[in-house]
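*Asks:*
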Amino acid sequence: MIAPKPNETTKKSLEILNKQKYSGKKEIIVVSEQLGLAENMNFGIRKAKYEVIVTMHHDCIPSSFSWLENLVAPLKKKEFVATCSKVKLPDEIWNNLGIFTKAVMLKERGTITPLLDEKGCAYKREALEKIGLFEEKKFKIAGEDFNTYIKLKKIGKIGYPDATVLHYHPSTLKDRVRKEGYVWGMGDGANVRINGLKMPGWQSRIMKAIPFLGLVVFAARFPFGNGLRYYPFYLAVIPVLHLLYSAGFWEGLIRGKQTI
17 MIAPKPNETT KKSLEILNKQ KYSGKKEIIV VSEQLGLAEN MNFGIRKAKY EVIVTMHHDC
77 IPSSFSWLEN LVAPLKKKEF VATCSKVKLP DEIWNNLGIF TKAVMLKERG TITPLLDEKG
137 CAYKREALEK IGLFEEKKFK IAGEDFNTYI KLKKIGKIGY PDATVLHYHP STLKDRVRKE
197 GYVWGMGDGA NVRINGLKMP GWQSRIMKAI PFLGLVVFAA RFPFGNGLRY YPFYLAVIPV
257 LHLLYSAGFW EGLIRGKQTI
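Just so we're aligned, residue 17 is where the sequence shown starts under our numbering, counting upward by one.
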């Protein structure tokens, strides 16, 4: 379990993890080292004793007592190297967001299925060791998940079972725009530099970072089916979002790493 800053959510998550329906042996490791995200996860992985490794962020909670059992089930098959939980943003978090923050975070409303985002994922130890664990030297707090996804897809399948975590992550507009713009942009730039044309979606990421053209890309990527009424508020925010993303992307591309 990844818990860089243990809090009340962490405590509740630990209680539910200890009550999980699971026939095998399990060990819960709370990582509280003041390191980058990839470093924290690698620290925990190196301490783990068993052949299946599960990562969970400190602000996530399993949605049921069968979560762990369902999450690791596909790993019994040889072809699977990892699994990923669905992620649900609780209504109490969504309802307390400001209107502009909701407009930016609309794509995360309800339940989503990430590619492989570490919030509640399981991995075969041998698969992680084969790819060299998470790339901690080039990614501090963003981009390492997609980099790991690309590497693992080359050696096996990733499963998406009936397992969901609740993501208790309150946010302000300032924090969200900085994260989705500058931080994620730098992670995307670093990934394009590292993985090149092998990276899925590299074209759209470059387009998002091109001045003015990126505004069109951001505007077109709005999840219209989730709430059209938020679109005017989203349009008001994307100039800043695009500016920060462009700055982060080109810095990450030039330096070949994500540093903040």
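The beta carbon of each residue, even a glycine, is placed where N, CA and C say it ideally should be.
Can you tell me whether residue 109 is helix, strand or coil according to DSSP?
*Replies:* Position 93 of the sequence shown holds residue 109. Three-state result, residue 109: helix.
*Asks:* On the CB-based measure, 16 or more other CB atoms within 10 Å of its CB, does residue 133 come out buried or exposed?
*Replies:* The residue you call residue 133 lines up with position 117 of the sequence shown. Per the 10 Å Cβ criterion, buried.
*Asks:* Judging by CA-CA distance, which residue of 241, 271, 234, 30 is the nearest neighbour of residue 254?
*Replies:* Counting from one through the sequence shown, the residue named residue 254 turns up at place 238. Measuring from the Cα of residue 254, the nearest candidate turns out to be 234.
*Asks:* Along the chain, which unbroken stretches of the beta strand (DSSP E) at least 3 residues long are found entirely within the stretch 137-182?
*Replies:* Qualifying beta strand (DSSP E) stretches, in chain order: 173-175.
*Asks:* Thinking C-alpha only, which one of 207, 25, 173 is nearest residue 74?
*Replies:* Counting from 1 along the sequence shown, the entry for residue 74 is found at position 58. The shortest C-alpha separation from residue 74 is found at 25.
*Asks:* Kindly indicate the opening and closing residues of the alpha helix (DSSP H) around residue 249.
*Replies:* Numbered from its first residue, the sequence shown carries residue 249 at position 233. 247-271 is the extent of the alpha helix (DSSP H) around residue 249.
*Asks:* Enumerated in chain order, which unbroken segments of the alpha helix (DSSP H) with a length of 4 residues or greater are wholly contained in the stretch 18-92?
*Replies:* Listed in chain order, they are 24-34, 53-63, 83-88.
*Asks:* In whole angstroms, give me the CA-to-CA distance for residue 267 and residue 208.
*Replies:* If you number the sequence shown from 1, residue 267 lands on position 251. If you number the sequence shown from 1, residue 208 lands on position 192. Going by the C-alpha atoms only, they are around 12 Å apart.
*Asks:* Which two residues bound the contiguous beta strand (DSSP E) that contains residue 97?
*Replies:* As a working mapping, residue 97 is identified with position 81 in the sequence shown. Counting along the chain, the beta strand (DSSP E) containing residue 97 begins and ends at 96-100.
*Asks:* If you draw a straight line from the alpha carbon of residue 213 to that of residue 189, how long is it in whole angstroms?
*Replies:* By 1-based counting over the sequence shown, the position of residue 213 is 197. By 1-based counting over the sequence shown, the position of residue 189 is 173. About 33 Å.
*Asks:* Does the stretch 218-232 touch the stretch 88-107, meaning 3 or more C-beta pairs lie closer than 8 Å?
*Replies:* Short answer: they don't touch.
*Asks:* Please report the straight-line C-alpha distance between residue 53 and residue 158, rounded to a whole angstrom.
*Replies:* Residue 53 sits at position 37 when you count from the first residue of the sequence shown. Residue 158 sits at position 142 when you count from the first residue of the sequence shown. Each residue's alpha carbon lies about 8 Å from the other.
*Asks:* Am I right that residue 156 and residue 50 are in contact with their C-beta atoms under 8 Å? What's the rounded C-beta distance?
*Replies:* In the sequence shown, the residue the question calls residue 156 occupies position 140. In the sequence shown, the residue the question calls residue 50 occupies position 34. In fact, because the Cβ distance is near 12 Å, the residues do not count as touching under 8 Å.
*Asks:* Counting along the chain, where does the beta strand (DSSP E) carrying residue 210 start and finish?
*Replies:* Translated into the one-based positions of the sequence shown, residue 210 becomes position 194. Not the beta strand (DSSP E): residue 210 falls in the alpha helix (DSSP H), residues 200-211.
*Asks:* Quick check on the DSSP output: the alpha helix (DSSP H) that includes residue 126 runs from which residue to which?
*Replies:* Counting from one through the sequence shown, the residue named residue 126 turns up at place 110. It is not in any alpha helix (DSSP H) - residue 126 instead sits in the beta strand (DSSP E) that spans 126-128.
*Asks:* Does the beta-carbon of residue 117 have 16 or more other beta-carbons within 10 angstroms, so that it is buried, or is it exposed?
*Replies:* Position 101 of the sequence shown, counted from the start, is the residue given in the question as residue 117. The residue in question, residue 117, is buried, as its Cβ has 16 or more Cβ neighbours within 10 Å.
*Asks:* Can you tell me whether residue 144 is buried or exposed, with buried defined as 16 or more other CB within 10 angstroms of its CB?
*Replies:* For the purposes of this step, residue 144 is taken as the residue at position 128 of the sequence shown. That one is buried.
*Asks:* With residue 115 as the anchor, note down where its alpha helix (DSSP H) starts and where it stops.
*Replies:* Here residue 115 corresponds to residue number 99 of the sequence shown, with the count starting at 1. Counting along the chain, the alpha helix (DSSP H) containing residue 115 begins and ends at 115-121.
*Asks:* Going by DSSP in three states, residue 224 sits in which element: helix, strand or coil?
*Replies:* For the purposes of this step, residue 224 is identified with residue 208 of the sequence shown, where counting begins at 1. Helix at residue 224.
*Asks:* Tell me which residues share the same chain as residue 64 and place their Cβ nearer than 8 Å to its Cβ, disregarding the 5 neighbours each side in the sequence.
*Replies:* Here the question's residue 64 lines up with position 48 in the sequence shown. Around residue 64: 43, 45, 141.
*Asks:* Starting from the C-beta of residue 186, find all residues in its chain whose C-beta is less than 8 Å away, skip the five residues before and the five after it, and write them out in chain order.
*Replies:* Along the sequence shown, read from residue 1 onward, the residue named residue 186 stands at position 170. Hits under 8 Å: 109, 112, 113.
*Asks:* Is it right to say residue 127 is buried, meaning 16 or more other beta carbons lie within 10 angstroms of its own, or is it exposed?
*Replies:* Position 111 of the sequence shown, counted from the first residue, corresponds to residue 127. Classification of residue 127: exposed, given that the 10 Å Cβ count is below 16.
*Asks:* With a threshold of 16 other CB atoms inside 10 Å of the CB of residue 164, please say whether the residue is buried or exposed.
*Replies:* Numbered from its first residue, the sequence shown carries residue 164 at position 148. That one is buried.
*Asks:* Just the C-alpha distance for residue 139 and residue 104, rounded to the nearest angstrom, thanks.
*Replies:* Numbered from 1 along the sequence shown, position 123 holds the residue referred to as residue 139. Numbered from 1 along the sequence shown, position 88 holds the residue referred to as residue 104. When rounded, the distance between both Cα atoms is 21 Å.
*Asks:* Quick one: is residue 244 buried, meaning 16 or more other Cβ sit within 10 Å of its Cβ, or exposed?
*Replies:* Locating residue 244 in the sequence shown gives position 228, counting from the first residue. Exposed, since its Cβ has fewer than 16 Cβ neighbours within 10 Å.
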